[in-house]
């Protein structure tokens, strides 16, 4: 095989007589080492394979082959891979330089081919890897060595491969290594939902591959990559595409490889197993005349006659449009008084083989010892020789059913029409029951390509000499389908449906940066070829076949699309025709969301949304609700789930959005979801993860624009206000993103599911035994855990070690009274009050020593602070644990609160500070105000004035830095609750919160009291202090007097029952006692769970009171004053850990709860220590702390 450059002249449509005259070629014509790939299946290639033998093995031509079903097209792909392997001299060269890409529309096909080819090509040191929705690019990288040398055949779905290209620069580098791209079921280009993705992916591969030749000297490539790229720079990328229903092969070939592509179309008469096709018209009964549903039921009762007449006691495949129809049809057939098993021997062989496959099914059913099918109804129907198959079945049931049907042990299999493109299960007889399918609640006729795919399953090569296909439809449609079976429909492009999004991706990937390049890209698509060949379909009036007339249309498309993208803030123009992408476009592209969804997410960022509302909005996004329909038989299961979810629906389930919302919440609640809903649920969760991540990333982008001094042209196009970032919305967005990643709510009790070897069952047992938090597990005895889970040592010890390896964060907010910040004289008059808060995050050092579950470089956290009353963000950070470890497990920031005077003239004027506006890096500052009907200050003036203040402020004698954040507001808003959040991006149960309340009215009272004490001291003969901070020089008796003066205020604000104050020469103590409401349960409370809920609510009330007291400005001021006094040490305030502030009610104990608990808040300051502690003395035997 020396002549690799020859080009064989082959007519596009092969005459059947030419194939009939072709002799079958032996597999021994291949080199000896390749014979074993085929020898276990056949000894000679069939006539079609023999005819194309030289074309595939002796040329470099790209081929698009349209051949009948069951003609052995997969063997043609294997021959193409052999052609590439033969180029290399040794097996080591094959392992290092042989790289092939295989694209197929369904995950089932990809996984099947991956397993099959791994076995067939293993002797050549060829490794395969499947990339589907169940795998990630990181898994792929882990399976290969440096520079992708160990993965030779990459098999993927178009969507997953496109996602990989968008998100990983390494994957784009991978494209230059491919010598062969194989496309299975290329007629998917004509699919309205997925065709655009396949076309865009292939066009993108060609565009990036062409550009790689110009980038081989990039510094980003390793030395190996550079040398390898030099050797491959001139290599031709070969395409082999196959289909059974793509008659316009010459168009597809011209699109794939315009210089070296060739289309070959083989007549259906060349089918190795002859196919007899019948169309039977059935007259609907009176009740079914106007109802497709009832007509479908009518056909179910007529199926048995056709099966027994045409099956010849061989395997039969029946296609139905819905899952419900599949199961109903199987039950009707199984109710026949005659079994479908051909004889008793076949039935005995079925049960024998079922028991033999028991061991192989153990892994599929998660270790279950049951060797039979899980679905009870499937067991019953199979006893009579009838099985049913759809995606709602358990995965193990489907795999077992496939094996039995492939061995002809199941006489009749009823399946959904989607199986026609899925697993390869050929049968002697194929029956299409009704030609109507349900799409988004509406009935539509099957497309001709779908019909051909289904009837193509008829005929088992090497087992049947002929096969039969039957179409059952209404009498009035009979002639239509008879003519359709003999006609051919060209494959059309669907790229025009998402052209703007695909062009946006190319701009982000740097393959397009001008109108001219955009036009060139469109001209390289299948869309351009078809608009010239069939202009009327695409709304064009150009002359058919005139490529010149198509160019103005293409240019108009480009200009219109670019103007739209610019208006949305996705691109910026550089000159008249050049452009570049914005950060927003890169976020959109990376997460594979549509332009419409991006617009919606931008609106949500600027809208106040609760967790419930935000979830509802996300469920309406195209990415989540596409292809999801609500089925009648699912409503019962959805209603059951609705009773257990957090945000329940009051009305019945009528829309797919309600179904999506319910399934998402059921997943977050860790509820058991019926098998029939699992496929939709998995798809929704995968899409939801991308959309929620995109929303959070857009938040960061908007935050950067609002709080940054430098704005680009693209940023200005968004026209964002500084008052449009809502704290509540961001909290909801981050918690939703975490929930989609972890598949549980942020406050779920099932957090132990995230630990190794802990699933749903073990997590439930742990919860029932009181192990709800990670702290509960760490404080437990390992033997107790093992006893609960019925596991042997050292399982409990290992589990506790895993928990200890998790990071533990401490988040604190504290008033800073030790340091001062200064405003210049002219700015000082504009500020009524000012305060400073220290914001700190500590990471437990133990995490650094044990890194078993979460690696520091991969675990990211969100840290953000906001004001609850204003509902505004103050600062926002995203960092990983490595960043904290590098900074000695510590992160600190400063928050400054400024109250602007209402009577001040806030007209901004030029000054020296303004000139330095762009030089000061304060990207994390916030300028907020709250609207009210009587507010005299406009938000715009507050923005201008506060920005001017921030640029002229001095912190501790230095200019404000990027570690300083500002919150400015109008004077008429006195109370501000500053709340800090720490949220893990990918792990539930690690979150932390801190809260600090400022009441500027109380600050005024405190200052007044302080002044009164000092005046009283002066009257008694003691000289006034000249300290800058009066609190620094207060003595013990003065502090005691302050406490006494504020006793009534504390009593009113905290509802305390008793305040005890004592003092001596070296100690001041204040003890505030709070007696909660009676925890006595009502006599008529019969349900123990109601009592549990009742007492929890009561505890939350008391806990809130204690926190209010602990954060009281007066109390914190006193403590801080004592610490600052020269007579006392300046030590940290010690707070009781959260575990001591939590209460857990055990519902398994006695119901007689008759007494109340006693809570107290103690704080004291002495020469040896300064602390504030919350404690609870238990007076109830039935409550555990």
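Residue numbers (our numbering): 20 to 1204. By construction, the Cβ of each residue, glycine as well, lies at the ideal position given by its N, Cα and C atoms. If you're wondering where the values come from, they're calculated on a predicted model, not measured in any experiment.
Taking all protein chains shown into account, decide if residue 315 is buried (16 or more other Cβ within 10 angstroms of its Cβ) or exposed. Taking the first residue of the chain shown as 1, we reach residue 315 at position 296. Its Cβ being crowded by 16 or more others within 10 Å, residue 315 is buried.
Nearest-angstrom Cα separation, counted from residue 754 out to residue 371: Counting from 1 along the chain shown, the entry for residue 371 is found at position 352. Counting from 1 along the chain shown, the entry for residue 754 is found at position 735. Rounded to whole angstroms, residue 371 to residue 754 spans 52 Å at the Cα level.
Backbone secondary structure at residue 300 - three-state DSSP: The count along the chain shown starts at 1 and reaches residue 300 at position 281. Residue state, collapsed to three classes: strand.
Report the residue from 304, 93, 587 whose alpha carbon sits nearest the alpha carbon of residue 202. Position 183 of the chain shown holds residue 202. For the residues 304, 93, 587, the minimum Cα distance to residue 202 belongs to 93.
Would you give the residue range spanned by the alpha helix (DSSP H) that residue 348 belongs to? As a working mapping, residue 348 is identified with position 329 in the chain shown. 342-353 is the span of the alpha helix (DSSP H), which, as asked, contains residue 348.
Give every residue of the same chain whose Cβ lies closer than 6 Å to the Cβ of residue 790, excluding the five residues on either side of it in the sequence, and list them in chain order. Here the question's residue 790 lines up with position 771 in the chain shown. Cβ neighbours of residue 790 within its own chain (closer than 6 Å, five residues either side excluded): 796.
Which of helix, strand or coil does DSSP assign to residue 333? Start at 1 with the first residue of the chain shown, and residue 333 comes out as number 314. Residue state, collapsed to three classes: coil.
Can you tell me whether residue 820 is helix, strand or coil according to DSSP? The sequence position of residue 820 within the chain shown is 801, counting from 1. It is helical.
I'd like to know if the region 296-308 and the region 116-130 are in contact, where contact means that at least 3 CB-CB pairs between them fall below 8 Å. no
Would you report the Cα separation of residue 139 and residue 221, rounded to the nearest angstrom? Looking up residue 139 in the chain shown gives position 120. Looking up residue 221 in the chain shown gives position 202. Cα-Cα distance, rounded: 27 Å.
Where do the N-terminal and C-terminal ends of the alpha helix (DSSP H) with residue 179 fall, by residue? Numbered from 1 along the chain shown, position 160 holds the residue referred to as residue 179. First-last of the alpha helix (DSSP H) with residue 179: 177-186.
Inter-residue Cα distance where the pair is residue 813 and residue 777: As a position in the chain shown, residue 813 is number 794, starting the count at 1. As a position in the chain shown, residue 777 is number 758, starting the count at 1. Looking at the two C-alpha atoms, the distance is approximately 15 Å.
Nearest CA to the CA of residue 1012: which residue from 858, 897, 901? Your numbering for residue 1012 matches position 993 in the chain shown. Selected option, being the one with the closest Cα: 858.
Apart from the five residues on each side of it in sequence, which residues of its chain come closer than 6 Å, Cβ to Cβ, to residue 759? Within the chain shown, residue 759 is the residue found at index 740, counting from 1. Taken in chain order, the residues that qualify are 707, 708, 711.
Measure the alpha-carbon distance for residue 519 versus residue 580 and round it to whole angstroms. Start at 1 with the first residue of the chain shown, and residue 519 comes out as number 500. Start at 1 with the first residue of the chain shown, and residue 580 comes out as number 561. The alpha-carbon atoms of residue 519 and residue 580 are separated by roughly 6 Å.
Paired residues, beta bridge with residue 855 - DSSP: Counting from 1 along the chain shown, the entry for residue 855 is found at position 836. 915, per the DSSP bridge assignment.
Report yes if the CB atom of residue 256 is closer than 8 Å to the CB atom of residue 197, and no otherwise. Translated into the one-based positions of the chain shown, residue 256 becomes position 237. Translated into the one-based positions of the chain shown, residue 197 becomes position 178. Yes; because the gap between Cβ atoms is below 8 Å, this pair is in contact.
What did DSSP end up calling residue 1012 once you bin it into helix, strand or coil? Reading the chain shown from its first residue, position 993 is the one you call residue 1012. Under the three-state reduction of DSSP, residue 1012 is assigned to strand.
Return the CA-CA distance between residue 720 and residue 470, expressed in angstroms with no decimal places. Along the chain shown, read from residue 1 onward, the residue named residue 720 stands at position 701. Along the chain shown, read from residue 1 onward, the residue named residue 470 stands at position 451. Those two C-alpha atoms are separated by around 48 Å.
Secondary structure of residue 405, DSSP reduced to three states: Here the question's residue 405 lines up with position 386 in the chain shown. Looking at residue 405 - three-state DSSP - the assignment turns out to be strand.
Which of helix, strand or coil does DSSP assign to residue 473? Translated into the one-based positions of the chain shown, residue 473 becomes position 454. Residue 473 falls in the helix class under three-state DSSP.
I'd like the list of long-range same chain contacts for residue 831, defined as Cβ closer than 6 Å, with 5 residues on each side in sequence excluded. In the chain shown, the residue the question calls residue 831 occupies position 812. Counting only Cβ-Cβ distances below 6 Å, and skipping sequence neighbours, we find 859, 1013.
Under three-state DSSP, which class holds residue 861? The residue given as residue 861 occupies position 842 in the chain shown. Here residue 861 sits in strand by DSSP.
Whole-angstrom distance between residue 407 and residue 875, CA atom to CA atom: One-based indexing of the chain shown puts residue 875 at position 856. One-based indexing of the chain shown puts residue 407 at position 388. Looking at the two C-alpha atoms, the distance is approximately 48 Å.
Residues in its own chain within less than 7 Å of residue 750 by CB, not counting five upstream and five downstream? For the purposes of this step, residue 750 is taken as residue 731 along the chain shown, with counting starting at 1. Around residue 750, the same chain offers 1000 as residues with beta carbons nearer than 7 Å, after the five sequence neighbours per side are excluded.
List in chain order: all unbroken alpha helix (DSSP H) runs of 4+ residues lying wholly within the region 83-129. Secondary structure in the region 83-129: the alpha helix (DSSP H) runs of 4 residues or longer, each lying completely within the stretch, are 92-104, 110-116 in chain order.
Taking only the alpha-carbon atoms, compute the straight-line gap between residue 1191 and residue 988 and give it to the nearest angstrom. On the chain shown, position 1172 is the one that residue 1191 refers to. On the chain shown, position 969 is the one that residue 988 refers to. Any reading at residue 1191 must be qualified, since the residue scores a pLDDT of 41, below 50, and its modelled position is unreliable; no value is offered.
May I ask you to report which of helix, strand or coil DSSP gives residue 1205? Here the chain comprises residues numbered 20 to 1204, so residue 1205 is not present and cannot be evaluated.
Is residue 206 helix, strand or coil by DSSP? The count along the chain shown starts at 1 and reaches residue 206 at position 187. If DSSP states are grouped into helix, strand and coil, residue 206 belongs with the helices.
For residue 199, the nearest candidate out of 73, 104, 210 (CA to CA): Stepping through the chain shown from its first residue, residue 199 is reached at position 180. With distances taken between Cα atoms, residue 199 lies closest to 104.
Own chain partners of residue 142 with C-beta closer than 8 Å, once the 5 adjacent residues on each side are dropped: As a working mapping, residue 142 is identified with position 123 in the chain shown. Result list for residue 142: 52, 55, in chain order.
Residue 508 and residue 467 look like a contact to me (Cβ under 8 Å); what is the Cβ gap, rounded to whole Å? Along the chain shown, one-based indexing puts residue 508 at 489. Along the chain shown, one-based indexing puts residue 467 at 448. Yes, residue 508 and residue 467 are in contact; Cβ-Cβ is about 5 Å, under 8 Å.
For a test of the three-state rule: what should DSSP assign to residue 651, helix, strand or coil? The residue given as residue 651 occupies position 632 in the chain shown. In this structure, residue 651 counts as helix in the three-state DSSP scheme.
By DSSP, does residue 500 sit in helix, in strand, or in coil? For the purposes of this step, residue 500 is taken as residue 481 along the chain shown, with counting starting at 1. Helix at residue 500.
Sub-8 Å separation of residue 227 and residue 528 beta-carbons: Walking along the chain shown from the start, residue 227 turns up at place 208. Walking along the chain shown from the start, residue 528 turns up at place 509. It is a contact, given that the beta carbons lie within the stated cut-off.
Taking the Cβ atom as the reference point for each residue, do residue 886 and residue 912 lie within a distance shorter than 8 Å? By one-based count along the chain shown, residue 886 stands at place 867. By one-based count along the chain shown, residue 912 stands at place 893. No, they are not a contact pair.
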